[in-house]
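Taking it in order: structure first as structure tokens, then the write-up.
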Amino acid sequence: MPSLMDDSPTNAAEFTVSELSGSIRRTVEDAFGNVRVRGEISGYRGPHSSGHAYFSLKDDKARIEAVIWKGVFSRLKHRPEEGLEVIATGKITTYAGSSKYQIVIEAIEPAGAGALMALIEERRRKLAAEGLFDEGRKQLLPYMPMVIGVVTSPTGAVIRDILHRIEDRFPVHVIVWPVRVQGDTSGDEVSRAINGFNALGTDGPIKRPDLIIVARGGGSLEDLWGFNDEAVVRAAAGSNIPLISAVGHETDWTLIDHASDRRAPTPTGAAEMAVPVKADLDAHLATLAARLKSAQSRTLDRRREAVRALARALPTLDSVLALPRQRLDRSAQSLGRALELNTANRRRRFEQQAARVTPVALVSAIREKHQQVRDKIARMDRVQERRIDALKSRLERHAQVLASVPRRLADTQGRGRERLSDLARRSDSALTLMLDKHKRGLGAQARMLQSLSYQSVLGRGFAVIRDSGRKVLARAAQVDAGTMIAVEFADGEVSALASSADQPISRPKKPARAKADKPKEPGQGSLF
Numbered sequence: 005m006p007s008l009m010d011d012s013p014t015n016a017a018e019f020t021v022s023e024l025s026g027s028i029r030r031t032v033e034d035a036f037g038n039v040r041v042r043g044e045i046s047g048y049r050g051p052h053s054s055g056h057a058y059f060s061l062k063d064d065k066a067r068i069e070a071v072i073w074k075g076v077f078s079r080l081k082h083r084p085e086e087g088l089e090v091i092a093t094g095k096i097t098t099y100a101g102s103s104k105y106q107i108v109i110e111a112i113e114p115a116g117a118g119a120l121m122a123l124i125e126e127r128r129r130k131l132a133a134e135g136l137f138d139e140g141r142k143q144l145l146p147y148m149p150m151v152i153g154v155v156t157s158p159t160g161a162v163i164r165d166i167l168h169r170i171e172d173r174f175p176v177h178v179i180v181w182p183v184r185v186q187g188d189t190s191g192d193e194v195s196r197a198i199n200g201f202n203a204l205g206t207d208g209p210i211k212r213p214d215l216i217i218v219a220r221g222g223g224s225l226e227d228l229w230g231f232n233d234e235a236v237v238r239a240a241a242g243s244n245i246p247l248i249s250a251v252g253h254e255t256d257w258t259l260i261d262h263a264s265d266r267r268a269p270t271p272t273g274a275a276e277m278a279v280p281v282k283a284d285l286d287a288h289l290a291t292l293a294a295r296l297k298s299a300q301s302r303t304l305d306r307r308r309e310a311v312r313a314l315a316r317a318l319p320t321l322d323s324v325l326a327l328p329r330q331r332l333d334r335s336a337q338s339l340g341r342a343l344e345l346n347t348a349n350r351r352r353r354f355e356q357q358a359a360r361v362t363p364v365a366l367v368s369a370i371r372e373k374h375q376q377v378r379d380k381i382a383r384m385d386r387v388q389e390r391r392i393d394a395l396k397s398r399l400e401r402h403a404q405v406l407a408s409v410p411r412r413l414a415d416t417q418g419r420g421r422e423r424l425s426d427l428a429r430r431s432d433s434a435l436t437l438m439l440d441k442h443k444r445g446l447g448a449q450a451r452m453l454q455s456l457s458y459q460s461v462l463g464r465g466f467a468v469i470r471d472s473g474r475k476v477l478a479r480a481a482q483v484d485a486g487t488m489i490a491v492e493f494a495d496g497e498v499s500a501l502a503s504s505a506d507q508p509i510s511r512p513k514k515p516a517r518a519k520a521d522k523p524k525e526p527g528q529g530s531l532f
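First residue of the sequence shown: 5, per this note's numbering; consecutive thereafter.
Structure representation (structure tokens):
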């Protein structure tokens, strides 16, 4: 048996990693092309941004990765949920990127009716926690809707029962939004129908319903599953139009029944809740009309008797005007005497005023006014003199201030010249110190530059090699044989021809005999 470390040739075929992964994948897919796996969903966080869904299926001993592609996910009747026990149908394949195997799910269904009931209960608790089932948010049904929208199948017996019952009770305008009430797409169609009725305008070509009825006949739990869809429940809870749910028989309960404004035991019961009986209304209106007419007659009779009683209590015209007439007669009798007395009183007051107005009194009043005028003129003269004296004193003070201005200006100019001279001396000193500081710094920088310059290194016997483009060559690998190079020394620069590393360095030729006595100049020689 050859050793593991034996390097002898072998006939075993060689595979690349990709070829080996592809072979394993084909083998697994051929052997498990269609499988049904029962397990609990774990690690589900909703569809990925790409639309695909990734999670795991597990039991008490093992776990397998699962994936649902975007196109399949949109067609699923039952969507995956965390912790739900399901039966998944699909194929087993491998993922070469991490050497794992996984199941690609094509269909998924809950593992029995118990799992469906557990899923419904879990969804009911979740939506109830959001307040979608609160009684406080439910709307009152309109007593007399003019337009009713019905969301149901247009070909079933349900719509005929609803139309017949509405026609028998109170014919109104009915708008049917046709949907599938069973199957994979029923939930989406019902939710779109509810939202579509709410989106209608009040003045559009299609009248906006005053009431919506969502109806379906009886069936199994799987048949009614579309009305447990979360989108349907949210659409019913968010409807601005009052909504009646009539799904299944009286014993059938779905999640839309909790979110609707009123639940009907049957579709026929929903029609009876929606509209009253027209004959009963007509009879009730006739009764009310008779009662109204009787009440109006009794009211008119009572008002007529009240008016007659008030008319009997009113006084006659002569009794009302008797007292004013007596007062007028007495006033007319006393009017002439009152005029005579008033005229005599006015004449007496005039004579009293005329007796007081004499020439002596007028002259005395004029003299008194003249004296008052002279007193006021004297007071004005004194006030003017005081004002003039005050102005003279102010002018004298201003003159003294003006006289002292040239002296103060001269003092200020002298102090300004002294301060300017002092600032000039300080600026000269500061400039001198600054120049010295910059000179010292420049000298230090020059010394630092000289110490760091490569030319100081050349003085210690080193050289700088450059190519024909004046680029510095730091390594021998950068020099090609037969190229011209420039060698810079401390005292100058020479040109040289580069040779390969395996060629021996030729000895310099002996100088001509005529030049034998000439002393050799010291030099570094060829570096190559």
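Don't be surprised by glycine CBs; every beta carbon is placed ideally from N, CA and C.
In this text, all values refer to a predicted model and were calculated from it rather than measured experimentally.
>> Assuming GLY43 is part of the beta strand (DSSP E), what are its boundary residues?
In response: 39–46
>> Please tell me whether ALA70 and ILE124 are closer than 8 Å, where the distance is taken between their beta carbons.
In response: no
> Where does LEU501 fall in DSSP's three states?
Replying inline: strand
> So, ILE216 versus ILE245, is the Cβ gap smaller than 8 Å?
Replying inline: yes
> Is the number of C-beta pairs between the region 76–92 and the region 33–42 that are closer than 8 Å three or more?
Replying inline: By the Cβ test, the region 76–92 is in contact with the region 33–42, since at least three Cβ pairs between them sit closer than 8 Å.
> Taking the Cβ atom as the reference point for each residue, do ARG220 and GLY200 lie within a distance shorter than 8 Å?
Replying inline: no
> By how many angstroms is the C-alpha of GLN143 removed from the C-alpha of ASP286?
Replying inline: 27 Å
> By the 10 Å Cβ neighbour count, where 16 or more other Cβ atoms means buried, how is SER264 classified, buried or exposed?
Replying inline: Buried, by the Cβ-count rule.
> Helix, strand or coil: which one does DSSP assign to LEU259?
Replying inline: Note: LEU259 maps to helix in three-state DSSP.
> If you scan the region 386–439 from start to end, which runs of the alpha helix (DSSP H) of 4 or more residues do you find wholly inside it?
Replying inline: Complete alpha helix (DSSP H) runs here, min 4: none at all.
> Where in the region 189–266 do unbroken runs of the beta strand (DSSP E), each at least 3 residues long, occur, reported from the N-terminal end onward?
Replying inline: 215–220 and 247–251
>> Does ILE72 pass the burial test, meaning 16 or more other C-beta atoms within 10 Å, or should it be called exposed?
In response: buried
> Tell me which same chain residues have a C-beta within less than 6 Å of the C-beta of ALA500, skipping the five on either side of it?
Replying inline: ILE489 and VAL491
> In chain order, what residues of the same chain have a beta carbon less than 8 Å from the beta carbon of LEU462, not counting five sequence neighbours either side?
Replying inline: VAL468, GLU492, PHE493 and ALA494
>> Can you tell me which residues form a DSSP beta bridge with THR97?
In response: GLN106
> Taking 8 Å as the CB-CB limit, is LEU424 close to chain D?
Replying inline: Protein chain content of the structure displayed is limited to a single chain, and chain D is not contained in it.
> Which first and last residues belong to the beta strand (DSSP E) in which LEU61 is found?
Replying inline: 57–62
>> Can you tell me which residues form a DSSP beta bridge with TRP73?
In response: DSSP, once it has assigned bridges, lists no residue as partnering TRP73.
> Which class does MET483 belong to by DSSP, given the choice of helix, strand or coil?
Replying inline: It is worth fixing the name first, because residue 483 is Val in this sequence and not Met. Three-state result, VAL483: coil.
> Is the number of C-beta pairs between the region 204–215 and the region 182–191 that are closer than 8 Å three or more?
Replying inline: no
> Between which two residues does the alpha helix (DSSP H) carrying GLU355 extend?
Replying inline: Here the alpha helix (DSSP H) through GLU355 covers 321–360.
> How many angstroms separate the CA atom of LEU150 from the CA atom of PRO175?
Replying inline: Per the sequence shown, the amino acid found at residue 150 is Met instead of Leu. So the two alpha carbons sit approximately 9 Å from each other.
>> Once the 5 residues before and after PRO526 are set aside, which same chain residues still bring their CB inside 7 Å of it?
In response: No answer about PRO526 holds up, because its pLDDT of 48 lies below 50 and its placement is not dependable.
> What are the boundary residues of the alpha helix (DSSP H) that THR159 is part of?
Replying inline: In this chain, THR159 is not harboured by any alpha helix (DSSP H), its DSSP state being neither H nor E.
> Cβ of ARG238 within 8 Å of Cβ of LEU136?
Replying inline: yes
>> Suppose the cutoff is 8 Å on Cβ atoms and the five residues either side in sequence are ignored; what does the same chain contact list for ARG173 look like?
In response: ALA275, GLU276, VAL279, PRO280, VAL281 and LYS282
>> Considering only their Cβ atoms, is the gap separating SER195 from ALA235 smaller than 8 Å?
In response: yes
> Under three-state DSSP, which class holds VAL21?
Replying inline: helix
>> Per the DSSP calculation, MET488 is bridged to which residue(s)?
In response: LEU501
> What is the rounded straight-line gap between the Cα of GLY473 and the Cα of THR487?
Replying inline: 11 Å
> Expressed to the nearest angstrom, what Euclidean distance is found between the alpha-carbon atoms of LEU228 and GLY208?
Replying inline: 33 Å
> So which of ASP233, GLY153 and ILE96 has the shortest CA-CA distance to ASN202?
Replying inline: GLY153
>> Relative to the C-alpha of ARG127, which candidate in ARG479, GLY101, THR258 and VAL32 has its C-alpha closest?
In response: THR258
> What is the rounded straight-line gap between the Cα of SER397 and the Cα of LEU427?
Replying inline: 44 Å
>> Suppose the cutoff is 8 Å on Cβ atoms and the five residues either side in sequence are ignored; what does the same chain contact list for ILE68 look like?
In response: VAL41, GLY43, SER60, LEU61, LYS62, TYR105, GLN106 and ILE107
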